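In the numbering used here, the protein residues as written are 400 to 604.
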């Protein structure tokens, strides 16, 4: 598309200038319509997520549009919309609570990048609202056995984020995490599991 180059250039300029974010949310969100390529939409979704972290009230009207891309056939757009929901939820968890079930469904996505984005988004939301995931921690334990190393490496980090604030809820998983930290074939999975244990035990004291 002839407008792709111009749109990407404009979005890159907006990304760099955080001072202009507040008045540019409508402009960036307009790039999600069918007139733009997947590359432009992916970039717009990423910026909307960052804007949502900084100015969640400005993004509120666009959360539904962002969520729609979690069902797109393009895995890059599913990944970016999942990421964006995480950043917005870190800014204000109330904006994403209506879509939490949709977010949780991304754990089963066929794309490893989307499953990775799912964990990362949940970590972002759990940073300020760990209570949303206290009954869902089993999911992240299972994801330490994912077919993708990228996903497996990220999964223990959720226990670190939640364990720092709600250690009693991670306590039941410490024995399993201990085993993983000593026996997993991937050294980074072992390191991240050990980190989650250390943070949780410190918070339990």
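All C-beta atoms, glycine included, are put in the ideal place defined by N, C-alpha and C. It should be emphasised that the depicted structure is a prediction, and the values quoted were computed from it without experimental measurement.
**OP:** Express the C-alpha separation of residue 484 and residue 418 in angstroms, rounding to a whole number.
**Re:** One alpha carbon belongs to residue 418, the other to residue 484, and they sit about 22 Å apart.
**OP:** Compare the beta carbon distance of residue 557 and residue 528 with 8 Å and say whether it is the shorter of the two.
**Re:** No, the pair does not count as a contact, with Cβ atoms beyond the cut-off.
**OP:** Kindly indicate the opening and closing residues of the alpha helix (DSSP H) around residue 532.
**Re:** Where residue 532 is concerned, there is no enclosing alpha helix (DSSP H), given that its DSSP letter is neither H nor E.
**OP:** Take residue 427 and list the residues in its own chain whose beta-carbon comes closer than 8 Å to its own, dropping the five residues that flank it on each side.
**Re:** Excluding positions up to five away in sequence, the list reads 410, 413, 443, 446, 447 and 450.
**OP:** Output the distance between the C-alpha atoms of residue 509 and residue 547, rounded to the nearest integer angstrom.
**Re:** Going from the Cα of residue 509 to the Cα of residue 547 covers about 11 Å.
Subject >> Distance between residue 599 and residue 565 (C-alpha atoms, nearest Å) >> reply: As the crow flies, the alpha-carbon of residue 565 is around 8 Å from that of residue 599.
**OP:** Reducing DSSP to helix, strand and coil, say where residue 454 ends up.
**Re:** The answer is coil: DSSP assigns residue 454 none of H, G, I, E or B.
Original post:
In the segment 511 to 591, which residue ranges form an unbroken beta strand (DSSP E) of at least 3 residues, counting only runs that do not cross its ends?
Top reply: The DSSP assignment places no complete beta strand (DSSP E) segment of no fewer than 3 residues inside the segment 511 to 591.
**OP:** Indicate the three-state DSSP secondary structure (helix, strand or coil) for residue 493 in the structure shown.
**Re:** When DSSP states are grouped into helix, strand and coil, residue 493 belongs to the helix group.
**OP:** Under 8 Å Cβ to Cβ from residue 560, same chain only, skipping five residues before and after it: list those, please.
**Re:** Cβ-Cβ distances below 8 Å link residue 560 to 522, 525, 526 and 529 in the same chain, with the five nearest sequence neighbours on each side left out; the list follows chain order.
Subject >> Under the three-state DSSP convention, the category residue 604 falls into >> reply: In the displayed model, residue 604 falls within coil according to three-state DSSP, outside both helix and strand.
**OP:** Give me the Cβ distance between residue 553 and residue 518, rounded to the nearest whole Å; I'm assuming they're in contact under 8 Å.
**Re:** About 4 Å separates the two Cβ atoms, so the contact holds.
Original post:
Which residue from 503, 540, 568 and 456 puts its Cα closest to that of residue 583?
Top reply: Taking the Cα of residue 583 as reference, the smallest distance to any Cα among 503, 540, 568 and 456 is reached at 540.
Subject >> Spatially closest choice to residue 602 from 577, 581, 586 and 570, by CA coordinates >> reply: The candidate whose alpha carbon is nearest that of residue 602 is 570.
Original post:
Which residues in the same chain have their Cβ closer than 8 Å to the Cβ of residue 476, if we skip the five residues on either side of it in sequence?
Top reply: Same-chain partners within the cutoff: 437, 440, 441, 444 and 468.
Subject >> Three-state secondary structure (DSSP) of residue 461 >> reply: Helix, per DSSP.
**OP:** Please say whether residue 421 and residue 457 have beta carbons closer to each other than 8 Å?
**Re:** The Cβ-Cβ distance between residue 457 and residue 421 falls below 8 Å.
Original post:
Under 8 Å, do residue 577 and residue 531 count as touching if we go by C-beta distance?
Top reply: Not closer than 8 Å, so no.
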